[in-house]
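One structure below.
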Amino acid sequence: MNKKLIATMTAAFLLSSSTIVSAQQTEPVTGERGSDMAADLLIVRPIGIIGSVFGAAGFIISLPFTIPSGTVGEAGRAMVVNPLEYTFYRPLGDFYHCGRDRHVCGGGGN
């Protein structure tokens, strides 16, 4: 039972990580602004929420490894902050700019 649970959680974490990456497109979205907003609302945001939950779980699991190496901040930004920012702090239909200052998503405001 425990092995099954661990295997399932590991698979879900790995799949959610690739989903987050695919949700952050590198090329402009073509089409009308309304269709971009609809796709963002119905597809990308729910995937971002799921990815954020798995990212937070992965971050907690990674703590025994990141605390000794001093990389807790980097892991937190990559696994928790960036997915949450991409999901909640960007205009609907804009796949590139996050935060109040509208920096490039994943850039951490730099």
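With my numbering applied, the sequence shown corresponds to residues 14 to 123, in that order. Ideal Cβ positions, reconstructed from N, Cα and C, are used throughout, including at glycine. Keep in mind that this is a model prediction, so the values were computed, not measured.
Handout entry: Neighbourhood of glycine 89 by C-beta distance below 8 angstroms, restricted to the same chain and skipping five residues each side
Key = Working through the sequence shown from its first residue, we reach residue 89 at position 76. So the list reads Phe72, once near-sequence residues are dropped.
Handout entry: Beta-carbon spacing of leucine 105, leucine 54 below 8 angstroms
Key = Working through the sequence shown from its first residue, we reach residue 105 at position 92. Working through the sequence shown from its first residue, we reach residue 54 at position 41. Contact: yes.
Handout entry: Straight-line gap, tyrosine 109 to glycine 119 (C-alpha atoms, nearest Å)
Key = The count along the sequence shown starts at 1 and reaches residue 109 at position 96. The count along the sequence shown starts at 1 and reaches residue 119 at position 106. When rounded, the distance between both Cα atoms is 9 angstroms.
Problem - Whether glycine 68 touches threonine 100 by CB criterion (8 angstroms) - result: In the sequence shown, the residue the question calls residue 68 occupies position 55. In the sequence shown, the residue the question calls residue 100 occupies position 87. In this structure, threonine 100 does not lie closer than 8 angstroms to glycine 68 by Cβ.
Exercise for the section: For the region 45 to 70, list the alpha helix (DSSP H) runs that are entirely contained and at least 4 residues long, ordered along the chain. Expected result: Correct list: 46 to 52.
Practice task
Report back the beta-carbon spacing between glycine 86 and tyrosine 102 to the nearest angstrom; my notes put them in contact at under 8 angstroms.
Solution key: For this step, residue 86 is matched to residue 73 along the sequence shown. For this step, residue 102 is matched to residue 89 along the sequence shown. Not confirmed; about 19 angstroms, so no contact.
Practice task
Decide if glycine 83 is buried, meaning its Cβ has at least 16 other Cβ atoms within 10 Å, or exposed.
Solution key: Taking the sequence shown and counting its residues from 1, the one referred to as residue 83 is at position 70. Result: exposed.
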